[in-house]
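Residues 3 to 224, numbered by the numbering used here, are exactly what the sequence shown covers, in order. Backbone N, C-alpha and C define an ideal beta-carbon position, used for all residues, glycine too. A short worksheet on the structure shown next.
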Amino acid sequence: MTESTPILYSFRRCPYAMRARMAIVISGVRVSLREVVLRDKPGQMLAASPKGTVPVLVLDDGMVIDESIDVMHWALAQSDPEGWLLPDRPEQRVEIGRLIEDNDGPFKHHLDRFKYATRYEGADPEEHRTAIEPYLLALNERLSESPHLMGDSRTLADIAIFPFVRQFVSAANERNADWMQSPRFAALNRWLGGHVASPIFSSIMQKYPQWKSGDAGVPFLE
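Written out as structure tokens, the structure is:
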């Protein structure tokens, strides 16, 4: 590990950080991973990105990238061996962008108020679960026609979206174990299960100790 290795501040269970780590893994870019605890954020991370969310990538020239999709694009710009960005299919890149916007916008809005209802005044978890259902059914319909959201191979859309679907399914199962087992979601569950069981997901879900100031960081991918 050299001093010029980019630094990645991450939190293992955050879906935004998960998708960033997966893009970094597939790209083969070497970074120094600093696992943080969100209730005890290190000063170095806050100095780089005052908004205090993960992931935060600090490049060796001092540039800071603190949006997960931007981290993914940065990593895949270095190397995109599976063609997640679909560089030769501009019309599908637009579709990928729309799918991710729907995930990061309306779906995430309802997911937060379903999973963390007590944090939002007046939030009714059941109302937000109901609002999520059409989104999941639309994904299921796409996945009934192909193994992945954009066809036969995984792309940026799959990797960017499935950590959030995983989070919702986990929360839904805690409340009603039968709801997500409906045949209506068969294709979605097959897709989700495949991604959760994938070697790349297993590799980025290793547990690391909390990074403390003065530590070297974990040589992620090295």
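Residue i and residue j closer than 8 Å at C-beta
i, j, result
"residue 73", "residue 66", "no"
"residue 95", "residue 88", "yes"
"residue 6", "residue 77", "no"
"residue 57", "residue 165", "no"
"residue 116", "residue 173", "yes"
"residue 36", "residue 216", "no"
"residue 180", "residue 137", "no"
"residue 15", "residue 209", "no"
"residue 84", "residue 192", "no"
"residue 198", "residue 177", "no"
"residue 27", "residue 202", "yes"
Delimiting residues of the beta strand (DSSP E) encompassing residue i
i, result
"residue 58", "58 to 60"
"residue 10", "9 to 12"
Extent of the continuous alpha helix (DSSP H) run through residue i
i, result
"residue 31", "Where residue 31 is concerned, there is no enclosing alpha helix (DSSP H), given that its DSSP letter is neither H nor E."
"residue 70", "70 to 80"
"residue 193", "188 to 198"
"residue 150", "Per DSSP, residue 150 belongs to no alpha helix (DSSP H) and is neither H nor E."
"residue 209", "Taken as a continuous stretch (DSSP letters only), residue 209 belongs to no alpha helix (DSSP H), as it is neither H nor E."
"residue 115", "110 to 117"
Close Cβ partners of residue i (< 6 Å) along its chain, the five nearest in sequence each way excluded
i, result
"residue 42", "none"
"residue 187", "142"
"residue 125", "115, 119"
Nearest residue (CA-CA) to residue i, options the options
i, options, result
"residue 106", "86, 191, 160, 82", "160"
"residue 212", "154, 23, 25, 44", "44"
"residue 162", "184, 139, 34, 69", "69"
"residue 127", "180, 140, 39, 113", "113"
"residue 62", "196, 50, 90", "50"
"residue 25", "48, 34, 82", "82"
"residue 190", "39, 132, 139", "139"
"residue 91", "152, 48, 40, 38", "152"
Contact set for residue i: own chain, Cβ-Cβ below 7 Å, skip 5 residues either direction
i, result
"residue 171", "182, 194"
"residue 93", "none"
"residue 120", "none"
"residue 158", "74, 86, 87, 98"
"residue 20", "165, 206"
"residue 80", "29, 31"
"residue 1", "As displayed, the chain neither begins before 3 nor continues past 224, which places residue 1 out of reach and without an answer."
"residue 130", "112, 115, 116"
"residue 23", "12, 206"
"residue 39", "212"
Contact set for residue i: own chain, Cβ-Cβ below 8 Å, skip 5 residues either direction
i, result
"residue 53", "68"
"residue 122", "114, 115"
"residue 154", "148"
*Taking three-plus beta-carbon pairs below 8 Å as touching, is the segment 142 to 160 in contact with the segment 9 to 20?*
Touching, no, given that fewer than three Cβ pairs across the two stretches are closer than 8 Å.
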